[in-house]
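End of the sequence shown = 229 in numbering that gives the first Met the number 0, gap-free, step of one.
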Amino acid sequence: MCMQEIILEGFKPEVTLESAMKICRVAPDSEQAELIADLHSRMMEVARPKALLGVAPVEKVDDETVIIAGVTIRSRLVRVNLDTVNRVIPYVATCGTEVDAWAAGLDDFLEQYYADEIKKLLLGEAMRRLRTEVRRRFFPEGPLSAMNPGSLKEWPLTAQKDLFSMFESVTGSIGVRLTDSMLMLPSKSVSGMFFGAKEGYENCQLCPLLDCPNRRAPYDAQLYKKQYER
């Protein structure tokens, strides 16, 4: 089944030197501040974060199976979350192959580490733009929910292959590819799907890692039993 696809690219990433200093845990008056400033400047010159999104119908099959854009997904988590949903927005977002290739040429271990941290900010910028565009185009009102393969065992990392197969070519569109172990390259990339629901959902609600720096919603210890357990 063909799926309408949209590429988000060509935008200037709004990653400040201050945010780069913060994520690298470097004080502005430290001896490493000049190194961060130089890395930040050079990375912003080549950085081209981007995202790919699609618009796909949802077909319910049974209590644990849905079909999205012709791809069968067997996961009770996904099935329950999409119970009242008729369409989803699958996506892949990345820091970009350009800055990833540039950073791969760094020889110094510390520079490699700092560049890797700054690439996280570039991925975050791609996700910010993606969320804004998805909300503007498809869900202007109500909660915007999201789930990602690999974040929870109920929708494991192996499902990356299913999600990628919904698109004509993720690699051809934005340069992201899957390894044999279902990891994405560039490594600072993320995939998942957005959807609208009466009550907003984030994977974080089912994840007990309370000190996760990327947490977007509080952990609900009773949610799985109430909503997903058979």
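For every residue, glycine included, the Cβ atom is placed at its ideal position computed from N, Cα and C.
Fair warning: this is a prediction, and the values are worked out from it, not measured in the lab.
Unbroken alpha helix (DSSP H) run spanning residue i, endpoints
i, result
"residue 87", "Run containing residue 87: none in the alpha helix (DSSP H); it sits in the beta strand (DSSP E), 86 to 93."
"residue 73", "Run containing residue 73: none in the alpha helix (DSSP H); it sits in the beta strand (DSSP E), 70 to 73."
"residue 171", "169 to 173"
"residue 21", "16 to 22"
"residue 81", "Careful: residue 81 lies outside any alpha helix (DSSP H) and carries neither H nor E."
"residue 160", "159 to 164"
"residue 44", "32 to 45"
Nearest-angstrom Cβ-Cβ length linking residue i and residue j, presumed shorter than 8 Å
i, j, result
"residue 172", "residue 166", "7 Å"
"residue 21", "residue 121", "Contact flag wrong, Cβ pair sits at about 15 Å."
"residue 114", "residue 100", "Not really, about 11 Å apart at Cβ, beyond 8 Å."
"residue 96", "residue 174", "4 Å"
"residue 117", "residue 52", "Not quite, the Cβ-Cβ distance comes to about 24 Å (not below 8 Å), so this is no contact."
"residue 151", "residue 76", "7 Å"
"residue 193", "residue 133", "5 Å"
"residue 50", "residue 7", "4 Å"
"residue 158", "residue 72", "7 Å"
"residue 17", "residue 74", "So it is not a contact: roughly 40 Å between Cβ atoms."
Closest Cα partner of residue i within the set the options
i, options, result
"residue 9", "125, 175 and 145", "125"
"residue 2", "71, 61, 89 and 63", "89"
"residue 146", "87, 107 and 160", "87"
"residue 11", "5, 192, 72 and 128", "128"
"residue 70", "81, 79 and 58", "58"
"residue 149", "191, 137 and 50", "191"
"residue 40", "28, 15 and 184", "15"
"residue 81", "46, 67 and 92", "67"
"residue 48", "5, 24 and 92", "92"
"residue 185", "112, 94, 76 and 131", "94"
"residue 112", "217, 54 and 25", "25"
"residue 65", "156, 42 and 161", "161"
"residue 38", "85, 106, 55 and 84", "106"
First through last residue of the beta strand (DSSP E) which encompasses residue i
i, result
"residue 11", "Residue 11 -> no beta strand (DSSP E), and no H or E assigned at all."
"residue 61", "49 to 61"
"residue 65", "64 to 67"
Contact with chain B by residue i, beta-carbon distance below 8 Å
i, result
"residue 113", "In the structure shown, chain B cannot be found, because there is only a single protein chain."
Residues bridged to residue i (per DSSP)
i, result
"residue 176", "184"
"residue 195", "143"
"residue 189", "92"
"residue 4", "53"
"residue 151", "154"
Original post:
Can you list, in chain order, the stretches of the alpha helix (DSSP H) that have 4 or more residues and sit fully within the stretch 86 to 145?
Top reply: 96 to 103 and 108 to 136
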